[in-house]
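In the numbering used here, the protein residues as written are 1 to 263.
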């Protein structure tokens with residue numbers, strides 16, 4: 001019974017009282033049928049739990065009531081004007097929670113992303129400035145202290161691919177864990193396979209292929225931290241015009257969006 005009451009901690013106390021009353025009544029009937037002597041003081045009403053009738057239930061009710069009082073005593077939300085960056089207001093957009101401090105949390109993966117790529121500046125509403133292009137070796141070294149977090153890093157290709165959003169809903173089988181060309185030549189690939197999002201960018205699907213209200217002004221070519229296993233001078237990147245990933249020479253200048261593991 002105690003476990004049941006704990007699960008009712010957010011219910012009105014009158015409902016908890018009723019649960020206790022019903023549970024005690026059922027137990028006494030069971031005891032009577034078993035031939036046990038039962039002495040119980042019947043309550044006058046639902047809210048009257050006095051004497052033997054209360055039994056262990058009163059202790060449970062006290063715990064439930066105490067928890068409810070503690071919850072009601074919790075401080076109210078801090079006005080945004082006085083919040084620190086880590087307390088910024090969040091807005092639910094698709095499967096993201098986008099924060100006014102320039103970060104966004106993917107509720108599917110648990111990852112926290114910078115809403116702007118390296119070189120851009122978050123002004124509280126959008127990404128300003130020019131995205132910085134860099135070679136892969138430099139991109140791999142990118143870290144940052146931002147929004148009170150110091151553990152930002154370059155994402156893996158699997159993590160970066162998770163940002164791809166096909167506004168036309170195709171293909172559903174995207175991100176099977178095999179990057180780019182390896183996925184394209186896989187024997188289990190569906191018929192009429194289209195790299196990334198099906199159709200033409202800007203015509204059949206939105207371009208760039210990312211939730212733009214969460215990640216505004218996203219450039220097309222973004223590095224991952226994953227090297228190519230087939231070509232030692234190449235590394236993987238996501239082409240956000242098409243929503244697929246490719247291998248690029250590490251000496252090419254592409255962009256970087258940083259990520260951190262969620263808490």
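Just so it is clear, CB atoms sit at the ideal spot from N, CA and C, and this is done for glycine as well. Being a predicted model, the structure only gives us computed values, none of them experimental.
Query: First through last residue of the alpha helix (DSSP H) which encompasses residue 235; Result: Run containing residue 235: none in the alpha helix (DSSP H); it sits in the beta strand (DSSP E), 234-239.
Query: Whether residue 238 touches residue 160 by CB criterion (8 Å); Result: yes
Query: Residue burial classification, residue 247 (beta-carbon count within 10 angstroms, cutoff 16); Result: buried
Query: Burial state of residue 203, where buried means 16 or more other Cβ atoms lie within 10 Å; Result: exposed
Query: Bridge-paired residues (DSSP) for residue 106; Result: 96
Query: Three CB pairs or more closer than 8 Å across the stretch 92-109 and the stretch 240-256; Result: no
Query: Exposure of residue 137, with buried meaning 16 or more beta-carbon neighbours within 10 Å; Result: exposed
Query: contact_flag[the stretch 127-135, the stretch 162-172] where n(CB pairs < 8 Å) is 3 or more; Result: no
Query: Length of the line joining the Cα atoms of residue 214 and residue 94; Result: 9 Å
Query: Closest Cα partner of residue 118 within the set 226, 167 and 127; Result: 127
Query: Residue 223 vs residue 258 beta-carbon contact at 8 Å; Result: no
Query: Spatial neighbours of residue 54 in its chain, beta-carbon cut-off 7 Å, leaving aside the 5 residues before and after; Result: With a pLDDT of only 40 at residue 54, under 50, the local geometry of the prediction cannot be trusted, and no value is derived from it.
Query: Test item: CB-CB of residue 109 and residue 96 under 8 Å; Result: no
Query: According to DSSP, residues forming a beta bridge with residue 222; Result: 238 and 255
Query: Straight-line gap, residue 197 to residue 216 (C-alpha atoms, nearest Å); Result: 19 Å
Query: Cβ separation of residue 154 and residue 140, assumed to be a contact under 8 Å, to the nearest whole Å; Result: 6 Å
Query: Cα-Cα separation, residue 209 to residue 240; Result: 5 Å
Query: Buried or exposed (CB count within 10 angstroms, at least 16 for buried), residue 123; Result: exposed
Query: DSSP bridge partner residues for residue 247 (one or two, in chain order); Result: 236
Query: Cβ-Cβ separation, residue 262 to residue 112 (assumed contact under 8 Å), whole Å; Result: 5 Å
Query: Alpha-carbon to alpha-carbon, residue 167 and residue 199; Result: 11 Å
Query: Per-residue burial, residue 229 [other beta carbons within 10 Å of its own, 16 or more giving buried]; Result: exposed
Query: Pairwise C-alpha distance: residue 235 and residue 220; Result: 16 Å
Query: Start-to-end residues for the beta strand (DSSP E) that takes in residue 113; Result: 112-114
Query: Residue 233 beta carbon less than 8 Å from that of residue 156; Result: no
Query: Residue 91 - DSSP class collapsed to helix/strand/coil; Result: strand
Query: Rounded C-alpha distance that separates residue 92 from residue 206; Result: 20 Å
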